[in-house]
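Single-structure report; data block below.
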Amino acid sequence: NSSSLPKATATATTSFNSNSNSISTLLRACKTSLHLHQLHAHIIRKGVEQDHFLITLFISISLSTLSYSTSIFNLVRRPTTPTRQSLKRVSTQCEISLGSVLHGSALRCGVEGDLFVRTSMIDFYGKCKHIFSARELFDDMYITVGDLEEAKRLFNEMPQKNVTRRMFDEMPKRNVVSYTTMIDGYVKAGDMASARFLFEQVPQRDIFVWFALISGYAQSGQPNEAVKVFLEMDSRDIKPDEFVMASLMFACSQIGNLELVKCVDSYLSRSTMDTQQPHVVAALVDMNAKCGNMEQATKLFEEMPKKDLISYCSMIRGLLYHGHGNKAVDLFNKMLNEGLVPNEVAFTVILSACSHARFVEEGWHYFERMRYGYSLHPSPDHYACMVDLLSRARRLKEAYELLNSMPVEPHVGAWVALLGACKMHCNIELGEVIAARLLELEPHNVGNYVSLSNIYAAADRWSDVSLVREKKKERGVNKINGHSCINS
C-alpha cells in the first residue's frame, strides 16, 4: 500500500496516475526493495510494464538486486538497447553469470550489434577476466561495426594486461586485429621495442598495423625510425592513407630536414589523396614551419577554404617557432573572433607565445579566460607556461605564489625552472625557499644541490656553498663526473 512509500512522495501517491512522469518520480523516491516491488505491481496493474523509459529507469534503480533487475529486463517483449547503468554495474561487480544473461538477452532482442552493447560487453568480460570472450567480441566488433578505436580503448583498460599478453601468446591462431591491439597497447606504454617485435611477427600487415608503428615512433620521439618504417611500407607498395601521412609529417617536423619536407610534398602531389582535409593541411603547415619553410606554411594556411582549431594551432606554433610572438597572439585573437572555441592545447600554445613575447598581462588574461570564460581546468603544462612567462619578466614572487596555488603538487620541473630563474635574476631569498622544497621532493638529486650552490656562489656566499656541499656529502649524494673524448 501507499503508506509504506517514502513520505516525500505522499502527495504524488494520492494523485497517482499512469503517466510516466508521476511513476518516474515515485521510482526515484524508492528507498527499499519492498517499495520497488510494490511499485512494480502498480506499474503492471496500470498496463505500462512495456514502457521502455519506465523499465529502463526501473532496471537502473533496482540493480542492487541484479537477479531481480535481470528478470524485469527479460519480461520486456521488444526492449531497446540495455541501459549503460545496468551493464556498467554488472561489469563493476563482476557478476559473470548475470552478465552472461544480459548478453544472452541482447542476442535474443537483436541488439547485440549495437556499438554501445558491444563495447560494454567487451569491458564486462575483460574485467571479469574472461579474456577469450572479450577477444571474440572484440574481433567480431571490428568486422561488423568497424569501430577499432573504441574496442582498443576498452581492451587496453583491462586490469590484467600481463594476463592479456600471456593469453595472446597462447592463442593458437592470431589475426591482424589482435596484433594491432597489442602493438597499440605497447605504443601507448612507450615500449616501442616490444611493439616492433610484435610488428615483425604479423603475417599480413594491413594499413592499421603500419599506422600503429609509424605513429608510435613519431609520438615517442623516434622520428627517424618512423621515416624508415614508412619507406619500408612504400617499398612493399602499400598505399598510405591521410593518417599515416600526418604521422610521417609529424616525424619530419621533428627531424627538421627541409629536403625531407620537399620529398613528402612531392609524394603527396603524385598521390590521389585528398590533401585539402583540415588535419592533412595542419600537418603540412606544422612540418613546413618547423623545418624553416615559413613562406610555404603561410601559403598553405591562407589557401585553406575553412580553417579549424587544429590548423590555427599549427600556424600559431609555426609563428612562435620562428620568434613571431606578436603575430602568434594576433592570429589567436583572430581565431577567437571567428567563433572558434579554444581547447586545452590551444591555450598551451597561446600561453607559450605570450611567454616568448613577454606579454605578461596578455598571458594572465588568457589564463584567467581559460578558467572562467571557458571553464577549463589548467593543467601542469599551463602552470609551467605561466611560471616561464612570469620568470622571464622577473616577477618571481608571482610565479612562486602561482605554483603554491595549484590544486595539486606542482611537478618537479616547474620548481626547477623557477629555481633557474632565481639564479639568473640573483633572487637568493626565494631561491633558498624553492631549493628547500626541491630537496624535500628529491633529496638524492645532485642537480638540486648544485643549483643552490651556484646561487650562493653568484652572491659570493662561500660559507653557504660549503654548507650545501657538506649536506650533500652527509646524504651520500655524489655528482657524476663528466668526461670527453678526443679523437687523435
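All the letters of the sequence shown, read from the start, carry residue numbers 1 to 488 under UniProt numbering.
Beta carbons: idealized from backbone N, C-alpha and C, even for Gly.
Can you give me the C-alpha to C-alpha distance between residue i and residue j, rounded to a whole angstrom?
i	j	result
His322	Val433	36 Å
Val176	Asp206	7 Å
Asp241	Ala283	14 Å
Met315	Trp462	49 Å
Lys228	Asp234	10 Å
Ala417	Glu470	25 Å
Pro305	Pro278	9 Å
Trp210	Cys313	27 Å
Met249	Met182	25 Å
Phe301	Arg358	26 Å
Lys334	Leu402	29 Å
Val420	Val446	Before going on, a small fix: residue 420 reads as Gly here, not Val. Cα to Cα, Gly420 sits roughly 15 Å from Val446.
Pro342	Lys262	31 Å
Gly431	Tyr400	10 Å
Pro378	Trp364	12 Å
Cys252	Met294	15 Å
Cys422	His444	21 Å
Val281	Ser311	7 Å
Phe208	Thr180	7 Å
Leu390	Val202	51 Å
Ala436	Asp265	52 Å
Met424	Ala459	11 Å
Ser451	Asn404	21 Å
Gly221	Gly413	19 Å
Met192	Ala218	11 Å
Gly190	Glu442	24 Å
Looking at the secondary structure, which residues open and close the alpha helix (DSSP H) in which residue i lies?
i	result
Ala289	Pro278 to Lys290
Met386	Pro380 to Arg392
Pro223	Pro223 to Ser235
Arg469	Trp462 to Glu474
Ser405	Element bounds for Ser405: n/a, residue is neither H nor E.
Ala421	Val412 to Met424
Glu259	Leu258 to Arg270
Val349	Glu344 to Ala357
Ser453	Val446 to Ala458
Met294	Met294 to Glu302
Met249	Glu242 to Ile255
His365	Val360 to Glu368
Ile238	Where Ile238 is concerned, there is no enclosing alpha helix (DSSP H), given that its DSSP letter is neither H nor E.
Leu438	Ile428 to Leu441
Please tell me whether residue i has its Cβ less than 8 Å away from any Cβ of chain C.
i	result
Pro305	Reference to chain C is not applicable here, since this structure consists of a single protein chain.
Classify residue i as buried or exposed, calling it buried when 16 or more other Cβ atoms lie within 10 Å of its own Cβ.
i	result
Ile44	exposed
Phe332	buried
Gln204	exposed
Leu231	exposed
Cys291	buried
Arg270	exposed
Val187	buried
Gly216	buried
Thr272	exposed
Glu474	exposed
Ser466	exposed
Leu34	exposed
Lys307	buried
Asn427	buried
Gln296	buried
Phe367	buried
Thr83	Bear in mind that a pLDDT of 40 at Thr83, under 50, signals an unreliable position, so the number given afterwards is only what the model happens to contain. Looking at its Cβ environment, which holds 16 or more other Cβ atoms inside 10 Å, Thr83 is buried.
Val349	buried
Glu259	exposed
**Message:** With a threshold of 8 Å, are at least 3 pairs of Cβ atoms found where one atom belongs to the segment 406-415 and the other to the segment 366-374?
**Reply:** Remark: fewer than three beta-carbon pairs, one from each stretch, lie closer than 8 Å, so the segment 406-415 and the segment 366-374 are not flagged as touching.
**Asked** Counting pairs of Cβ atoms below 8 Å between the segment 347-366 and the segment 380-388, do you hit three or more?
**Response** yes
**Request:** Go through the segment 189-217 residue by residue and report every complete run of the alpha helix (DSSP H) that reaches 4 residues or more, in order.
**Result:** 192-201
**Prompt:** Which runs of the alpha helix (DSSP H), 4 residues or longer, sit entirely within the UniProt repeat "PPR" (308-342)?
**Reply:** 309-321 and 325-337
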